[in-house]
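S.K.:
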Amino acid sequence: MNAAAERAFVAAAPTEVPAALVEEIDRLRVDLRERRSVDRFAHAWGATLAFLVLLGCFVKLAHDSAGHPLFLWPGALLVLSVALYAAQEVRRGVGLLASERRLLRRLRELEGRQGPPRELF
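Using numbering that gives the first Met the number 0, the first residue of the sequence shown is number 0, and each one after it goes up by one.
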């Protein structure tokens, strides 16, 4: 870095950052560190796998039965409830992901307004 560029970089350094801005940045960083949407998508993935296994077992048992199987309606209710749970978790995950993306945009905006970190100078 040449001397003129270095002087311009140092001149652009912030002199005073409002405390409210620093507090909001810290709060956003803590909120974004959790990444709850990833947990929801993991739950949805597990529920989808359970749904597929249960559906396969249920269809095989129903197909192999000669008459009307006793487990038909309880099994169908179980398979349907697991499918609904998986869909609900995907929906929650998408909602949380949208919220996290909004928070991340706000964090990037505030960090851009804050300027370079003080420890660089």
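Idealized CB from N, CA, C, for every residue including glycine.
All figures in this text were calculated on a predicted structure; none of them were measured in a lab.
Is LEU124 helix, strand or coil by DSSP?
M.R.: Because residue 124 is not part of the residues shown, which for the chain are 0 to 120, the question remains open.
S.K.: Would a C-beta distance cut-off of 9 Å place VAL89 and ARG26 closer than the cut-off?
M.R.: No; because the gap between Cβ atoms is not below 9 Å, this pair is not in contact.
S.K.: For the alpha helix (DSSP H) that contains GLY45, what are its first and last residues?
M.R.: Its alpha helix (DSSP H) spans residues 35-63.
S.K.: Quick one: is LEU92 buried, meaning 16 or more other Cβ sit within 10 Å of its Cβ, or exposed?
M.R.: Looking at the sequence provided, one finds Gly at residue 92 rather than Leu. By the 10 Å Cβ count, GLY92 comes out buried.
S.K.: Assuming the contact rule is C-beta atoms closer than 8 Å, ALA43 and ALA85 should be a hit. Round their C-beta distance to whole Å, please.
M.R.: Going by Cβ atoms, the distance from ALA43 to ALA85 rounds to 5 Å, so yes, they are a contact pair.
S.K.: Straight-line CA distance for VAL29 to LEU83?
M.R.: Distance between the alpha carbons of VAL29 and LEU83: 32 Å.
S.K.: State buried or exposed for VAL58, treating a residue as buried only when at least 16 other CB atoms are found within 10 Å of its CB.
M.R.: Counting Cβ neighbours within 10 Å, VAL58 comes out exposed, since fewer than 16 surround it.
S.K.: Please confirm whether ILE24 and GLU99 have their CB atoms less than 9 Å apart.
M.R.: Taking 9 Å as the Cβ cut-off, ILE24 and GLU99 do not qualify as a contacting pair.
S.K.: Our contact map puts LEU77 next to LEU48 with C-beta atoms below 8 Å; I'd like the distance itself, whole angstroms only.
M.R.: So it is not a contact: roughly 15 Å between Cβ atoms.
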